[in-house]
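This report refers to the structure that appears directly beneath it.
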Amino acid sequence: MGLHDALIQEAFKDRNPGDFPFSLGVEVTNHCNLRCPMCPREVADRGYGNMDYELFTKIASETSGRERTVFLPTGFGESFIHPRFHDMLNYLRDHDVKITCLITNATYLNDRNVHALIDSQIPFVNISLDGTVKEVYEKIRVKANYESVVENVERLFRLREERGSRFPYIILRMIKMDETADDVETFKARWEPFLHDCDEIAFSNYQTWSNTVEDRRVELHDGLKQVQAMDPAEKKPPCRMIYKTLQIYYDGRATPCCYDYDCTMEIGNVNEQTIEEIWNGEKVQSIRKLHEEGRMAEIDICRNCQEYIP
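Letter by letter, the sequence shown follows residues 514 to 823 in this note's numbering.
Here's what the structure looks like:
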């Protein structure tokens, strides 16, 4: 297990929310240049936009100095599309935001953007890189060019070494699905020679975004399994996500689950409240209470969720 995943595992070992979220997702934009079939952004109803720079700095300032919060400048979009993303990275560095992890599809990792990442000293970059087979990759990451993305990822490794920088640690993540099942060992062999120090190769489960499947009555991908909603009578322990995660979308609205792509569990707005006020407010407490009473099936997004963390 790599350092990044170890941090998450340690934080999620209990259901103590503390006074501030462990994982703080900040969607700087939900514009994206790809059309991945498993991504729900195409069917979300909340529109598209970029986060105001002033709102971003407010959020970052409230996170400054916190040793146990992972700041993810990421949502349902490609962060490099934001016209001031370099400024945002530098603001995080200059205002003592301790742990930052960027998730990217790597299509924008040209020389200028890679140097910006290294200059910002961002600790982690998590790259969505699904396999070593061009046809499979381009089926999953629609509109991406496999050769170009591989070149970009190699550029990040190369320039980091040339500049003698420790950061960013690089996480290469592959989604596990039928199409990539036979490619796991090849993927490891292809990229392990590039890994240094705390770099890692990681694998994620295929997320079907079950609400999307149920509501739209469509399959998002070949081989997608039928999603079964939770029986309202079924009792489960509370999901740990709602005690650890706050996702803030580009317009300032907040939800305690990063899989709530339409912000159906809105618990506040950072344009009007502080993060602490939202995190300890009545709305999130009511959601936690439903979980604690074994009534999570009363919440639509929870009833159909495949990312439940017991």
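Where is the CB? At the ideal position from N, CA and C, for every residue including glycine.
What does DSSP give as the partner residues of residue i in its beta bridges?
i	result
residue 682	637
residue 614	637
residue 539	761
residue 713	684
residue 768	760
residue 563	542
residue 583	536, 612
residue 689	718
Mind checking residue i: buried by the 16 CB within 10 Å criterion, or exposed?
i	result
residue 742	Annotation note: pLDDT 49 at residue 742 (below 50); position unreliable, no value reported.
residue 726	At residue 726 the pLDDT is 39, less than 50, meaning the model places this residue with poor confidence and gives no usable figure here.
residue 718	exposed
residue 749	exposed
residue 656	exposed
residue 735	Low confidence applies to residue 735: its pLDDT is 43, below 50, so where it sits in the model is not reliable, and the reading given next is rough at best. Looking at its Cβ environment, which holds fewer than 16 other Cβ atoms inside 10 Å, residue 735 is exposed.
residue 751	buried
residue 784	exposed
residue 530	buried
residue 596	exposed
residue 482	This structure does not reach residue 482, given that the chain is present from 514 up to 823, and the question cannot be answered.
residue 588	buried
residue 578	exposed
residue 644	buried
Where does the unbroken beta strand (DSSP E) through residue i begin, and where does it stop?
i	result
residue 619	Careful: residue 619 lies outside any beta strand (DSSP E) and carries neither H nor E.
residue 708	Run containing residue 708: none; DSSP gives neither H nor E here.
residue 780	Careful: residue 780 lies outside any beta strand (DSSP E) and carries neither H nor E.
Closer than 8 Å by C-beta to residue i: which residues in its own chain qualify, once you throw out the five before and the five after it? Chain order, please.
i	result
residue 779	766, 767, 768, 796
residue 547	591, 618, 620, 654, 655, 656, 657
residue 651	657, 658, 659
residue 605	573, 584, 586, 613, 633, 635
residue 631	672, 673, 676, 678, 680, 681
residue 554	543, 545, 589, 590, 774
With a threshold of 6 Å on Cβ separation, who are the neighbours of residue i within its own chain once the five nearest residues in sequence on each side are excluded?
i	result
residue 562	763
residue 732	For residue 732, the predicted structure reports a pLDDT of 44, less than 50, and the residue's modelled location is therefore unreliable. A value from the coordinates is still provided. Contacts found: none.
residue 519	none
residue 760	538, 768, 771
residue 738	Below a pLDDT of 50, predicted positions are generally treated as unreliable, and residue 738, at 40, falls in that range; the measurement from the model is reported next regardless. Closer than 6 Å at Cβ, skipping near neighbours: no residue.
residue 669	622, 627
residue 807	748
residue 683	638, 712
residue 707	670
In terms of residue numbering, what span does the alpha helix (DSSP H) encompassing residue i cover?
i	result
residue 803	795-805
residue 598	598-607
residue 523	516-524
residue 650	647-653
residue 815	813-816
residue 513	This structure does not reach residue 513, given that the chain is present from 514 up to 823, and the question cannot be answered.
residue 822	It is not in any alpha helix (DSSP H) - residue 822 carries neither H nor E in the DSSP assignment.
residue 788	788-792
Give every residue of the same chain whose Cβ lies closer than 7 Å to the Cβ of residue i, excluding the five residues on either side of it in the sequence, and list them in chain order.
i	result
residue 525	753, 757, 822
residue 575	787, 788
residue 521	none
residue 794	780, 781
residue 528	751, 753, 756
residue 629	599, 602
residue 486	Limits of the chain in this structure are 514 at one end and 823 at the other, which puts residue 486 out of reach.
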